[in-house]
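Going letter by letter, the sequence shown gives residues -22 to -1, 1 to 409 in mature numbering (1 follows the signal peptide of the UniProt record, and there is no 0).
Glycine is no exception: its CB is placed at the ideal position from the N, C-alpha and C atoms.
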Amino acid sequence: MKNVKRLAFLSLVLILSFSLIACNNTKSSKNESGGKSDGKVTLNFWAFGATGYDKLIKEYEKEHPNIKIKFKTSENAEHHDSLFTALSAGTGAPDIALIEVDQLDRFKQAQDRFNNLFDLGAKDVEDQYLDWTWNNGKSVDGKFLFGLPTDIGPKALYYRVDVFEEAGLPTDPDEVAALINSPEAFKTAAIQVKEKTGKPFVDSMEMAYRAYLDAAPEKYLNPDGELLIEDKDNYVKKAYDFAVELNKAGVVGNFEMWSPEWANAVNDGSFAAELGAGWLKGWMEGNAPDATGKFRVATLPKEFSANWGGSYLTIPSETKHAKEAYEFIEWLTSPENQLKSFKSHGLFPSAPSVYTMDDFKNNEDEFFGGQITSVVFGKAAENISGSGYKGEKYVPINNEILTALTNVQEGANPEKEWNEAVKRAKDLLSR
């Protein structure tokens, strides 16, 4: 009887021991995996364009063996449309989504479909980023943070040294910046280039328009969704009139950005200058071999100082692994990793501490004749005060204004085209 009792006692001890071991293993697995029994967390990450994030992901996975990141990249429009569809359906959204700055206000209308990054610890890294780009990622009331800023697009003047020389203009970047220091000086230089070389100064009506538009504190809409361009005394009309003025002076080309004709014009110097963002540098280095050594970069007049482009890393609320997703995007947007993205793919950093790093300050560009262009763009980034509210319908309304400018370049009446574009914008808002 004693042996039976002893065996029963030993059996109970073994059962309890195995139960405790199993319990501890389950607890450990759950803590490591965010709920996965095998200790692994899989994060789906949707992006667009050429970011080079796939290499950084491998680095992160090596440092965090319990994390697996499935990376999917698409074209800009396809990516944002797919993301919007998934968020609207309430199913199929990724754990992490990259959103382009011009698209961000569209997604801010669905705030409940995203995690507030302030709840995940983002306040602790706020001081790493430029104020204006951080603020762009917040809700209007400032209480909700949609995303961490990745890259930005500070604008500068890309100019052809050979065309400027032929026109009798200075070619040293500091001298160019000192000469072209106002919109009026910009126009004067443009006319001189046209008269001396026969070439247009800027490539297109869109770029002439964006000179003022990108820097405007107000654009098409206010945060209440009201159209701001019906009264002709507004920033957008000023930008429109400047483009019309330059076109009338004969200094605007007809090269649509990203078209084969435009690419050839960049390569062979068919126009003198481009008001481009920092990310354009990477494209030029890889796609305009005949222009190597023939471009330089100078800062723009303060009236044109602006941001064009950039993105934010967001975490849709559908995810079951918000903590792990946030830890990854905080790592990905750290100053050290932004420097890597800049050096590998030209993504200009939103973290100003990068601008003081040796690898950034000493990064000579062979394509730009050995000029350290990063310093010029860093200065431009710190001169930006903000990019203005854009709103959900920014892109379609912007397209209507561009249609009007295209018609003007083909000979249409500027005021008639403006009025019709405003009417189309009103129609868009009423739908």
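Element boundaries [alpha helix (DSSP H), containing residue i]
i	result
V19	Counting along the chain, V19 falls outside any alpha helix (DSSP H), though it belongs to the beta strand (DSSP E) covering 19 to 26.
A399	392 to 408
G260	258 to 265
T381	372 to 387
I35	31 to 41
Q316	313 to 323
G356	351 to 360
E162	161 to 175
V244	238 to 246
L191	183 to 191
Y304	300 to 310
L157	151 to 157
K339	336 to 339
Cut-off 6 angstroms between Cβ atoms - residues of its own chain near residue i, not counting five sequence neighbours on either side
i	result
T292	A75, I77, F92, F124, G125
E342	G348, I350
A186	V180, A221, L224, V230
G369	D83, L199
F345	E263, T270
F282	A189, A193
Y367	P201
Sheet register partners of residue i (DSSP bridge)
i	result
I77	Y290
R138	F273
L253	L135
V222	None; V222 has no bridge partner.
G125	T292
I130	G288, F326
K210	In DSSP, K210 forms no bridge with anything.
N86	The sequence shown places Lys at residue 86, rather than the Asn named in the question. Beta-bridge pairing links K86 to no other residue.
D109	None; D109 has no bridge partner.
E144	E144 pairs with nothing; no bridge assigned.
V180	V230, A251
E196	Y367
K116	L123
Residue span of the beta strand (DSSP E) that contains residue i, given as start and end
i	result
K48	45 to 52
Distance between residue j and residue i (C-alpha atoms, nearest Å)
i	j	result
P313	F164	35 angstroms
D237	V141	Before going further, note that residue 237 is Ser rather than Asp in the sequence given. If I take the Cα positions, the gap works out to 22 angstroms.
L108	H323	21 angstroms
G115	Q387	36 angstroms
S7	G17	Confidence at S7 is low in this model, with a pLDDT of 34, below 50, so the placement of that residue should be treated as unreliable; the coordinate-derived value is given next. Those two C-alpha atoms are separated by around 5 angstroms.
N3	V19	Per-residue confidence for N3 stands at a pLDDT of 40, beneath the threshold of 50, marking its modelled position as unreliable; no derived number is given.
L383	A403	14 angstroms
G176	E104	49 angstroms
Y372	L61	18 angstroms
T51	F23	8 angstroms
Y198	E378	11 angstroms
A189	K46	43 angstroms
E37	E173	54 angstroms
E143	T149	7 angstroms
P267	P178	21 angstroms
G217	K40	One detail in the question is off: residue 217 reads as Ala in this sequence, not Gly. The alpha-carbon atoms of A217 and K40 are separated by roughly 49 angstroms.
E204	E360	30 angstroms
W396	G389	13 angstroms
E56	D119	30 angstroms
K321	W261	13 angstroms
K215	P374	17 angstroms
A71	V353	38 angstroms
T63	K394	37 angstroms
A251	A276	11 angstroms
N9	F306	Residue placement at N9 cannot be trusted, given a pLDDT of 35 that sits under 50; what the coordinates show is reported in the next sentence. Whole-angstrom Cα-Cα distance: 17 angstroms.
E184	D219	12 angstroms
Cβ-based neighbour list, residue i, same chain, cut-off 7 angstroms, excluding 5 preceding and 5 following
i	result
N265	A241
A300	N93, L98, I293
K255	Note on identity: in this sequence residue 255 is Ala, with Lys being the wrong assignment. For A255, where only same-chain residues beyond five positions count, the Cβ hits under 7 angstroms are G131, P132, K133, W286, G287.
N54	F26, G27, E78
residue 428	Here the chain covers residues -22 to 409 and nothing more, so residue 428 does not appear.
F355	P132, A134, G256, F326
residue 411	Residue 411 is absent from the structure shown; the chain starts at -22 and stops at 409.
L65	A71, A88, R91, P294
Any non-hydrogen atom of the ligand PLP within 6 angstroms of residue i CB
i	result
G369	Within the structure as shown, the ligand PLP is missing, as the structure has no ligands at all.
Residues near residue i by beta carbon distance below 8 angstroms, same chain, minus five either side
i	result
S319	T29, G30, Y31, L34, T128, D129, L325, P327
T69	E296
residue 431	Nothing about residue 431 can be reported from this structure: the residues present for the chain run from -22 to 409 only.
M335	P313, L317
A243	D181, G231, F233, F249
P330	Y107, L108, G356, A359, E360
G247	R138, D140, V141, K177, A269, K272
E398	A382
S365	V79, W110, N114, D192, A284, N285
P279	I158, N159, S160, P161, A163, F164
K339	Y333, I350, S352, V353
L380	M183, E184, Y187
Minimum Cβ-Cβ distance from residue i to chain B less than 7 angstroms
i	result
N200	Protein chain content of the structure displayed is limited to a single chain, and chain B is not contained in it.
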